[in-house]
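Asker: Residue numbers (the numbering used here): 25 to 334.
(1) Can you give me the C-alpha to C-alpha distance between residue 219 and residue 89, rounded to a whole angstrom?
(2) Give me the residue from 259, 305 and 79 with the minimum Cα distance to residue 269.
(3) For residue 160, count neighbouring C-beta atoms within 10 Å of its own C-beta (all shown protein chains included) and say buried if the count is 16 or more, exposed if not.
(4) Buried or exposed for residue 146, going by 16 or more other Cβ atoms inside 10 Å?
(5) By DSSP's criteria, residue 114 is part of a beta bridge. Which residues make up the other side?
(6) Cα-Cα, which of 331, 283 and 123 is closest to residue 57?
(7) If you draw a straight line from the C-alpha of residue 110 to the C-alpha of residue 156, how long is it?
(8) Tell me which residue opens and which closes the alpha helix (DSSP H) that residue 285 is part of.
(9) Residue 166: buried (16+ other C-beta within 10 angstroms of its C-beta) or exposed?
(10) Just to check my reading of the structure: residue 260 and residue 329 have Cβ atoms closer than 8 Å, yes? What is that Cβ distance to the nearest angstrom?
(11) Measuring alpha carbon to alpha carbon, tell me which of 63, 31 and 96 ends up nearest residue 174.
(12) Taking residue 194 and residue 237 to be in contact with their CB atoms under 8 Å, please state how far apart those CB atoms are, rounded to whole angstroms.
(13) Based on DSSP bridge pairs, tell me the residues matched to residue 250.
(14) Rounding to the nearest angstrom, what Cα-Cα distance links residue 180 and residue 158 in this structure?
(15) Please state the DSSP three-state secondary structure of residue 185.
(16) Classify residue 51 as helix, strand or coil using the three-state DSSP reduction.
(17) So, are the CB atoms of residue 182 and residue 152 less than 8 Å apart?
(18) Measuring alpha carbon to alpha carbon, tell me which residue in 112, 81 and 121 is nearest residue 59.
(19) State the DSSP-derived secondary structure class of residue 76, mapped to helix, strand or coil.
(20) How far does the beta strand (DSSP E) with residue 332 in it reach, from first residue to last?
(21) With a threshold of 8 Å on Cβ separation, who are the neighbours of residue 129 within its own chain once the five nearest residues in sequence on each side are excluded?
(22) Leaving aside the five residues before and after residue 115 along the sequence, list all residues of the same chain whose C-beta is less than 7 Å from its C-beta, in chain order.
(23) Candidates 42, 63, 64 and 66: which alpha carbon is nearest residue 55's?
(24) Threshold first: 4 residues or longer. Then list the alpha helix (DSSP H) segments lying entirely within the region 139-214, N to C.
(25) Here's the rule I'm using: 16 or more other beta-carbon atoms within 10 Å means buried, otherwise exposed. How should residue 101 be labelled?
(26) List the whole-angstrom C-beta distance separating residue 240 from residue 227, where the pair is believed to meet the contact cut-off of C-beta under 8 Å.
(27) Give me the DSSP bridge partner(s) of residue 122.
(28) Since residue 83 and residue 26 are thought to touch, with beta carbons under 8 Å apart, how far apart are those beta carbons, to the nearest angstrom?
(29) How big is the Cα-Cα spacing for residue 266 and residue 301?
(30) When DSSP labels each residue in this structure, what does residue 63 get in the three-state scheme?
(31) Kindly indicate the opening and closing residues of the alpha helix (DSSP H) around residue 299.
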């Protein structure tokens with residue numbers, strides 16, 4: 025099917041353990057196994073966008089073990105087209121192990137099985153170039169730039185999510201990728217790598233490198249959005265929502281924001297809906313569990329307040 029948003033990257037199986045505290049170096053935490061849930065930054069983003077009614081394709085790579093095809097089927101049930109994904113009979117599906125404490129904070133260990141993302145040569149150019157926005161996983165900057173180049177060659181815009189451990193702010197490879205990028209999403213830790221004290225200053229640095237829209241997720245404090253040469257907004261979240269699991273909240277925010285862009289909504293509306301979906305995400309264990317019932321989302325949206333910063 026044609027897709028408006030094409031997401032290229034990871035889909036994982038996340039194994040959760042409820043622990044009394046997060047284990048640190050030379051320490052252990054004995055907890056209760058909660059089960060396995062679908063995960064992966066790219067898969068989570070794609071599912072969030074599809075839940076907003078946007079035609080979404082995910083191109084990922086999984087094994088032919090029981091978990092890989094099951095993960096693709098689960099994403100299909102969320103409305104995500106996975107038909108261009110790759111299945112590898114030689115490797116297990118990418119997985120993560122998540123420690124979850126009583127506050128909803130987590131420590132995540134990824135077990136790279138060798139097939140976290142498709143090789144560039146495994147990507148069908150037509151499948152990548154069919155979207156209006158292409159969102160590559162940005163863990164590997166050179167790989168993401170290759171996907172972004174495919175997108176730009178096909179006339180698409182590019183969106184990335186920068187995790188703090190995946191980049192250095194002065195890395196020329198990052199600057200090359202940002203030169204292809206229209207939308208960039210960061211959490212507070214990533215934003216501090218561009219400026220230690222100010223999300224606004226971090227956004228301005230990023231604008232200078234290429235992206236026209238910068239969105240900084242700020243946890244329970246909401247999110248900040250800056251559009252180059254235009255407005256900037258802060259969305260303040262609903263503070264009394266019970267936080268069960270913060271895994272995937274940033275992915276939900278990015279997916280919902282891009283869905284709003286593709287539906288023609290202004291940045292202010294996109295940000296409000298994105299924060300509402302991220303809020304819904306943290307109320308249940310598992311990064312996509314919240315998608316089974318979004319009936320309360322309109323109520324949450326009404327509680328998100330927007331402050332115009334410029």
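A virtual CB, placed ideally from N, CA and C, is assigned to each residue, including glycine.
Answerer: Per the coordinate set shown:
(1) 44 Å
(2) 305
(3) buried
(4) exposed
(5) Note: residue 114 sits in no beta bridge, so no partner.
(6) 123
(7) 22 Å
(8) 273-286
(9) exposed
(10) 5 Å
(11) 31
(12) So it is not a contact: roughly 22 Å between Cβ atoms.
(13) 238 and 256
(14) 7 Å
(15) strand
(16) coil
(17) no
(18) 121
(19) coil
(20) 329-332
(21) 46 and 270
(22) 87, 137, 138 and 139
(23) 42
(24) 149-153, 165-177 and 196-203
(25) exposed
(26) 7 Å
(27) 40 and 132
(28) So it is not a contact: roughly 14 Å between Cβ atoms.
(29) 14 Å
(30) strand
(31) 291-305
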